[in-house]
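S.K.: Quick note on numbering: UniProt numbering labels position 54 of the sequence shown as 54, and the sequence is numbered without any gaps. Every residue, glycine too, gets a C-beta built ideally from N, C-alpha and C. All values derive from a computational prediction rather than experimental measurement.
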Amino acid sequence: MSDSIILGIESSCDDTSAAIIKGNSILSNIAANQAIHKEYGGVVPELASRAHQQNIIPVVEKSLTKANIQQNAIAAIGFTRGPGLLGSLLVGTSFAKSLAMSLDVPLIEVNHLQAHILAHFIEDANPMPPKFPFLCLTVSGGHTMIVLVKDYFDMEIIGKTIDDAAGEAFDKIGKIFDLDYPAGPIIDRLAKEGNPDAFKFNKPKLDNYDYSFSGIKTSVLYFTQKEVKKDPDFIKNNINDLCASVQKSIIEILMNKLEKATNDLNIKEVAIAGGVSANSALRKAMQDNQEKFGWNIYIPKFEYTTDNAAMIAMVAQLKFERGEFTDLRTTATAKYDL
Ligand code: KG4
Ligand code: ZN
1 MSDSIILGIE SSCDDTSAAI IKGNSILSNI AANQAIHKEY GGVVPELASR AHQQNIIPVV
61 EKSLTKANIQ QNAIAAIGFT RGPGLLGSLL VGTSFAKSLA MSLDVPLIEV NHLQAHILAH
121 FIEDANPMPP KFPFLCLTVS GGHTMIVLVK DYFDMEIIGK TIDDAAGEAF DKIGKIFDLD
181 YPAGPIIDRL AKEGNPDAFK FNKPKLDNYD YSFSGIKTSV LYFTQKEVKK DPDFIKNNIN
241 DLCASVQKSI IEILMNKLEK ATNDLNIKEV AIAGGVSANS ALRKAMQDNQ EKFGWNIYIP
301 KFEYTTDNAA MIAMVAQLKF ERGEFTDLRT TATAKYDL
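(1) Is the Cβ-Cβ distance between H116 and M255 less than 8 Å?
(2) To the nearest angstrom, report how far apart G275 and D327 are at their CA atoms.
(3) For the ligand KG4, I want to know if A183 counts as a neighbour, meaning its beta carbon is within less than 7 Å of at least one of the ligand's heavy atoms.
(4) Based on the DSSP secondary-structure assignment, which residues constitute the bridge partners of A31?
(5) Can you tell me where the beta strand (DSSP E) with L137 in it begins and where it stops?
(6) Please go through the same chain and pick out, in chain order, the residues whose beta-carbon is closer than 6 Å to the beta-carbon of R283, but skip the five residues on each side of it.
(7) Using 8 Å as the threshold, is the C-beta distance between A125 and Y304 below it?
(8) With a threshold of 7 Å on Cβ separation, who are the neighbours of Y152 within its own chain once the five nearest residues in sequence on each side are excluded?
(9) Can you give me the C-alpha to C-alpha distance between I110 and K335, rounded to a whole angstrom?
(10) Rounded to a whole number of angstroms, what is the C-alpha to C-alpha distance between I267 and I173?
(11) Note the first and the last residue of the continuous alpha helix (DSSP H) segment covering Y152.
(12) May I ask you to list the residues that DSSP assigns as paired with E168?
(13) Rounded to whole angstroms, how far is the Cβ of S28 from the Cβ of A35, which I believe are closer than 8 Å?
(14) Evaluate the contact criterion for the stretch 154–166 versus the stretch 132–144: three or more CB pairs, one atom per stretch, below 8 Å.
(15) Any idea what DSSP makes of I297, helix, strand or coil?
(16) For K226, count neighbouring Cβ atoms within 10 angstroms of its own Cβ and tell me buried if that reaches 16, exposed if not.
(17) Taking a contact to mean a Cβ-Cβ separation below 8 Å, would you say V59 touches I26 in this structure?
(18) Are the Cβ atoms of A191 and I250 separated by less than 8 Å?
(19) Suppose you measure from the CA of G323 to the CA of V228; what does that come to, to the nearest Å?
(20) Check whether the stretch 279–296 and the stretch 78–96 are in contact - that is, three or more C-beta pairs closer than 8 Å.
(21) List the endpoints of the continuous alpha helix (DSSP H) containing E324.
(22) Exposed or buried, what is R81 when buried is set at 16 or more other beta-carbons lying within 10 Å of its beta-carbon?
(23) Within 10 Å of its beta-carbon, does T306 have 16 or more other beta-carbons around it, so buried, or fewer, so exposed?
(24) To the nearest angstrom, report how far apart Y222 and E10 are at their CA atoms.
(25) In terms of residues, what are the limits of the alpha helix (DSSP H) holding F223?
(26) Note down the Cα distance separating P106 from C243, rounded to an integer number of angstroms.
(27) Alpha carbon to alpha carbon, how far is N263 from A313?
(28) Hey, how far is the Cα of A281 from the Cα of L103?
(29) Buried or exposed for Y211, going by 16 or more other Cβ atoms inside 10 Å?
(30) Helix or strand or just coil, what does DSSP make of I239?
(31) How about F170 and V149: do their beta carbons lie closer than 8 Å?
(32) Between which residues of its own chain and S63 is the CB-CB distance below 8 Å, once the five residues before and five after are set aside?
(33) Please tell me whether, using a cut-off of 7 Å, the distance from the CB of A125 to the nearest non-hydrogen atom of the ligand KG4 is below it.
(34) With a Cβ-Cβ cutoff of 8 Å, do P83 and L113 count as a contact?
(35) With hydrogens ignored, establish whether the beta-carbon of residue 353 is closer than 7 Å to any heavy atom of the ligand KG4.
(36) Since T80 is in the beta strand (DSSP E), which residue starts that stretch and which ends it?
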């Protein structure tokens, strides 16, 4: 791998992030998280774009300082072109284009979903990178899919959610429980003190490798509404058991399809990626299957799971080596297939 120094920029949702990579080693990975959305119980696109505008220059400057490099050492600039919120993407895209022009270096567009998967190739993401072909369960706030990764840039989605993403299910159910946004990490924490078998919720019955999470959300909503009528403090008094039970159901849904795919395709290289891969029950389920089915599992380091620019810089480095540069007339795109 070339040991060029590349700046990566990520602004697809509510994290403004910049990272410096040298070869596949991360020299800095800085993120400014936007606390403002907590007040609204979800990401408000207009506010996200404005916060990106405020954060982008300080975040990029910090990434350079932390990596201890000068602007003129940058060989190329990688940025998230999509998918994501258009207003948010526009901030990172415009900034990357302007900086590439002023430094006179190549611009490299990155698909955010590919980046979540290729984050596995960052030097310190795993003790060893996955071997092709591998299956990658990609689970975030916006996406849930099983991807067959045949090569760095040869990926096939073999199953995906037909409605909500897994992270979205965690967040929406958290809202029912009156938890802050994003609720995924809070449910994970509260579940540690709860009984995962306390409550049972509906599971989807889909053939193939597709997912559905709207059913479990509705099932939790109706169940809690019914219980709250009898006891107004039901949620508060049972929050740990509720979180543990919800988490168990979501992780079982995710793992059942992943197990089916590994069996059908006879693949034992299995990775997870995206924000929900930070979930402790999912990590535990992967470890259990390593022993049970002889999987070689790949769980990236925590800071490379949620949205981050390190993964963007990693993909940019791979494209830089391949001479895949982007025209300065490029535009951001809200929808962007793998
Ligand atoms: O990948 P990501 O940072 O952003 C998107 O591209 O969507 O994922 C964010 C999602 C949120 O829905 C958040 O609740 C979820 O990941 N998440 C978790 C955990 N940490 C983050 N869900 C469950 N358990 C966690 N520990
Ligand atoms: Zn993401």
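M.R.: Short version:
(1) No. Outside cutoff.
(2) In this structure, the straight-line span from the alpha carbon of G275 to that of D327 is close to 30 Å.
(3) At least one heavy atom of the ligand KG4 is nearer than 7 Å to the Cβ of A183, so yes.
(4) Answer by DSSP bridge pairing, in chain order: S17.
(5) Counting along the chain, the beta strand (DSSP E) containing L137 begins and ends at F134 to V139.
(6) In the same chain as R283, and ignoring 5 residues on each side of it, the C-beta atoms closer than 6 Å to its own belong to I299, in chain order.
(7) Taking 8 Å as the Cβ cut-off, A125 and Y304 qualify as a contacting pair.
(8) Once the five neighbours on either side are set aside, the close Cβ partners of Y152 are L118 and L318.
(9) Per the sequence shown, the amino acid found at residue 110 is Val instead of Ile. V110 and K335: Cα-Cα distance of roughly 13 Å.
(10) Cα to Cα, I267 sits roughly 33 Å from I173.
(11) Boundaries for Y152: no alpha helix (DSSP H) harbours it, and the DSSP string shows neither H nor E there.
(12) Beta-bridge pairing links E168 to no other residue.
(13) Contact flag wrong, Cβ pair sits at about 22 Å.
(14) Touching, yes.
(15) If DSSP states are grouped into helix, strand and coil, I297 belongs with the strands.
(16) With fewer than 16 other beta carbons inside 10 angstroms of its own, K226 counts as exposed.
(17) The Cβ-Cβ distance between V59 and I26 does not fall below 8 Å.
(18) Contact annotation: A191 and I250 have beta-carbon atoms that are not nearer than 8 Å.
(19) About 60 Å.
(20) Short answer: they don't touch.
(21) Here E324 belongs to no alpha helix (DSSP H), and DSSP marks it neither H nor E.
(22) Buried.
(23) If you draw a 10 Å sphere on the C-beta of T306, you find 16 or more other C-beta atoms in it, and that means buried.
(24) When only Cα atoms are considered, Y222 and E10 end up about 38 Å apart.
(25) Element bounds for F223: S214 to K230.
(26) Answer to the nearest angstrom: the Cα atoms are 47 Å apart.
(27) Approximately 33 Å, taken between the alpha carbons.
(28) Their Cα atoms are separated by approximately 45 Å.
(29) Its Cβ being crowded by 16 or more others within 10 Å, Y211 is buried.
(30) Three-state result, I239: helix.
(31) In this structure, V149 does not lie closer than 8 Å to F170 by Cβ.
(32) So the qualifying residues of the chain are L7, A18, A19, I20, S28, N29, I30 and A309.
(33) With a cut-off of 7 Å, the C-beta of A125 is classified as distant from the ligand KG4, since no heavy atom of the ligand falls inside that distance.
(34) Between P83 and L113, the CB-CB gap stays under 8 Å.
(35) Any question about residue 353 goes unanswered here, given that the chain covers just 1 to 338.
(36) Where T80 is concerned, the enclosing beta strand (DSSP E) stretches over A76 to G82.
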